[in-house]
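Peer 1: Quick note, the sequence shown lines up with residues 253 to 466 if you use our numbering.
The C-beta atom is built at its ideal place from N, Cα and C for all residues, glycine as well.
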Amino acid sequence: MADLTSGHTYANSAIPAWNSAMRLGFFLIITFLIIKIRKLLEYEQATSRTDFLTGASNSRSFYESLKVEAGRSARSGRPYSVAYIDVDNFKTVNDTRGHSIGDELLLAVSSTVRQTTRSQDIVARLGGDEFAVLLPETSGAQVRPAADKIREQLLGLARQHQWPVTFSIGVVTCNGLCDPDEIVRQADYLMCEVKRTGKNSIAYGTYTKEISGP
Numbered sequence: 253m254a255d256l257t258s259g260h261t262y263a264n265s266a267i268p269a270w271n272s273a274m275r276l277g278f279f280l281i282i283t284f285l286i287i288k289i290r291k292l293l294e295y296e297q298a299t300s301r302t303d304f305l306t307g308a309s310n311s312r313s314f315y316e317s318l319k320v321e322a323g324r325s326a327r328s329g330r331p332y333s334v335a336y337i338d339v340d341n342f343k344t345v346n347d348t349r350g351h352s353i354g355d356e357l358l359l360a361v362s363s364t365v366r367q368t369t370r371s372q373d374i375v376a377r378l379g380g381d382e383f384a385v386l387l388p389e390t391s392g393a394q395v396r397p398a399a400d401k402i403r404e405q406l407l408g409l410a411r412q413h414q415w416p417v418t419f420s421i422g423v424v425t426c427n428g429l430c431d432p433d434e435i436v437r438q439a440d441y442l443m444c445e446v447k448r449t450g451k452n453s454i455a456y457g458t459y460t461k462e463i464s465g466p
């Protein structure tokens, strides 16, 4: 019998069918492996940019997005803002209620902030109990109600779970050419000023060398 794909004639009529089945099998196996490898690469790419505990963006991903936004802002002249959030008294929760409750708190904080912000905003856990939010195309006037809402929602979350925590937030707005690392440092500075002067508040500033306190 002749193999229609090669024109070769075989004494056993089953050989051409076997060859076709083998070719199909190899094709399916290769296709399956390609799909698996692609999914694995996509997963590794996603996890390399995501905080393992909270599912928020991680520090690396946040700074990458911030640098992109800083470049866009420098070209367009449109403002953007960065909020730096710290969970007050988080260590007390870990020490008195255990690390599992502490992890639950961090996960809930991340989820609440993401639900409260816009789809274009970037919410990240920078480490420990500190979070940051990048708010593209958001002026100093626009960021105030947004930050107030975040804090109100977080305080409601703490009351709901009876967690003895509050939230200190520093917010800095860039109105032009700003260094990405420096704007985060300034937002962190404002957050620390809030903690130093009583915690549980928000301090606002613009990207300048002089930063106003809460």
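Give the single residue among Val446, Leu280, Phe284, Thr368 whose Cα lies nearest to the Cα of Lys401.
Peer 2: Residue 401 sits at position 149 when you count from the first residue of the sequence shown. Taking only the C-alpha atoms, the option nearest Lys401 is Thr368.
Peer 1: Mind listing, in chain order, the continuous beta strand (DSSP E) runs of no fewer than 3 residues lying wholly within the stretch 370-449?
Peer 2: As far as the stretch 370-449 is concerned, its whole beta strand (DSSP E) runs of at least 3 residues are 374-379, 382-387, 418-426.
Peer 1: What three-state label does DSSP hand Ala308 in the structure shown?
Peer 2: Position 56 of the sequence shown, counting from 1, holds the residue named residue 308. Ala308: coil per DSSP, three-state reduction.
Peer 1: Just list the residues that DSSP pairs Asp338 with in beta bridges.
Peer 2: Locating residue 338 in the sequence shown gives position 86, where the first residue counts as 1. Glu382, Ser420, per the DSSP bridge assignment.
Peer 1: Note the first and the last residue of the continuous alpha helix (DSSP H) segment covering Thr368.
Peer 2: In the sequence shown, counting from the first residue as 1, residue 368 sits at position 116. Element bounds for Thr368: 351-368.
Peer 1: Mapping DSSP to helix, strand and coil, what is Thr460?
Peer 2: Counting from 1 along the sequence shown, the entry for residue 460 is found at position 208. In this structure, Thr460 counts as coil in the three-state DSSP scheme.
Peer 1: Would you call the CB atoms of Val423 and Leu409 closer than 8 Å?
Peer 2: Counting from one through the sequence shown, the residue named residue 423 turns up at place 171. Counting from one through the sequence shown, the residue named residue 409 turns up at place 157. Not in contact: Val423 and Leu409 (Cβ atoms no closer than 8 Å).
Peer 1: Using three-state DSSP, classify Ser453 as helix, strand or coil.
Peer 2: Mapped onto the sequence shown, residue 453 falls at position 201. Ser453: coil per DSSP, three-state reduction.
Peer 1: Please report how far the alpha carbon of Gly354 lies from the alpha carbon of Arg403, in whole angstroms.
Peer 2: Reading the sequence shown from its first residue, position 102 is the one you call residue 354. Reading the sequence shown from its first residue, position 151 is the one you call residue 403. Rounded to the nearest angstrom, the two C-alpha atoms are 19 Å apart.
Peer 1: Checking the sheet assignment: what are the DSSP bridge partners for Tyr332?
Peer 2: On the sequence shown, position 80 is the one that residue 332 refers to. Per DSSP, Cys426.
Peer 1: Answer yes or no: do Phe342 and Val417 have a C-beta to C-beta separation smaller than 8 Å?
Peer 2: Against the sequence shown, residue 342 aligns to sequence position 90. Against the sequence shown, residue 417 aligns to sequence position 165. In contact: Phe342 and Val417 (Cβ atoms closer than 8 Å).
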